[in-house]
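Take the sequence shown: its letters are residues -6 to 130, numbered as in this note's numbering. Don't be surprised by glycine CBs; every beta carbon is placed ideally from N, CA and C. No experiment lies behind these values; they were computed from the predicted model shown. Accompanying notes for the structure given below.
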Amino acid sequence: MPETNLPLFVYGSLRSDCGPAHQDILSGAAALGPASLTGALYDVGRYPAAVIGDAMYLIHGELYDLRGDTDLLARLDAYEECSAEFTEPREYRREIVEVTQNQRIRPAWAYLYNRPTHGLPRIESGDYRQYLTLLNP
């Protein structure tokens, strides 16, 4: 599968019902349903940060078919401030990760945090939507 045809895993402000960014940016993408990523989720302030590697937690999110739309990928890179127009070190990087959906592992794009997480609170549930509900009952 060419990299431009990979789905996108979203876990924060791009999730449906987590703010206007979803409608503004992902309205043309096809929802593929819930998925998860092994890693850890942190509260950066107004949005979350996903980190993979040594962490053995689950990050809950949604998977979207971008239909090979390279313009959409460029808009997403600009939204996440990880395109070439932003100075290094960028806060996020787009990377191919392995997500689990319907008990199957598949590759997907995800935007991962590119800075140290020391001192950031971990979102223990791994679910940003649930976390927002707890913060704003």
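Whole-Å CB distance - Thr63 paired with Thr(-3), under 8 Å assumed: Contact annotation, Thr63 with Thr(-3): C-beta distance approximately 6 Å; criterion of less than 8 Å satisfied.
field: Burial state of Met(-6), where buried means 16 or more other Cβ atoms lie within 10 Å
entry: Only weak support is given to the placement of Met(-6): the predicted model assigns it a pLDDT of 47, under 50, and the value that follows is read from those uncertain coordinates. Looking at its Cβ environment, which holds fewer than 16 other Cβ atoms inside 10 Å, Met(-6) is exposed.
query: What do you reckon, are the CB atoms on Tyr106 and Tyr4 nearer than 7 Å?
result: no
task: Return yes when the Cβ of Phe2 is within less than 7 Å of the Cβ of Ala77, no when it is not.
output: no
query: Around the C-beta of Leu56, are 16 or more other C-beta atoms found within 10 angstroms, so that it is buried, or is it exposed?
result: buried
- request: For Tyr85, I'd like the list of residues in its chain whose CB is within less than 7 Å of its CB, leaving aside the five on either flank, ordered along the chain.
  value: Glu73, Glu74, Cys75, Tyr104, Leu105, Tyr106 and Asn107
field: DSSP three-state assignment for Met(-6), whether helix, strand or coil
entry: Reliability of the predicted coordinates at Met(-6) is poor, the pLDDT of 47 falling under 50, and the value obtained from them is presented with this limitation in mind. In this structure, Met(-6) counts as coil in the three-state DSSP scheme.
field: Of the residues Leu113, Glu81 and Ala28, the one placed nearest Gly38, counting alpha carbons only
entry: Leu113
field: Beta-carbon contacts of Gly83 that lie in its chain and below 7 Å, excluding the five residues immediately before and after
entry: Reading off the sequence, residue 83 comes out as Arg, not Gly. Excluding residues within five positions, the ones whose Cβ falls inside 7 Å are Glu74, Cys75 and Asn107.
message: Considering only their Cβ atoms, is the gap separating Tyr50 from Ala67 smaller than 7 Å?
response: no
message: So for Asp10, helix, strand or coil by DSSP?
response: coil
Pairwise C-alpha distance: Ser118 and Leu127: 11 Å
- prompt: What distance in whole Å lies between the Cβ atoms of Val90 and Ile45, which are believed to be in contact at a cut-off of 8 Å?
  reply: 6 Å
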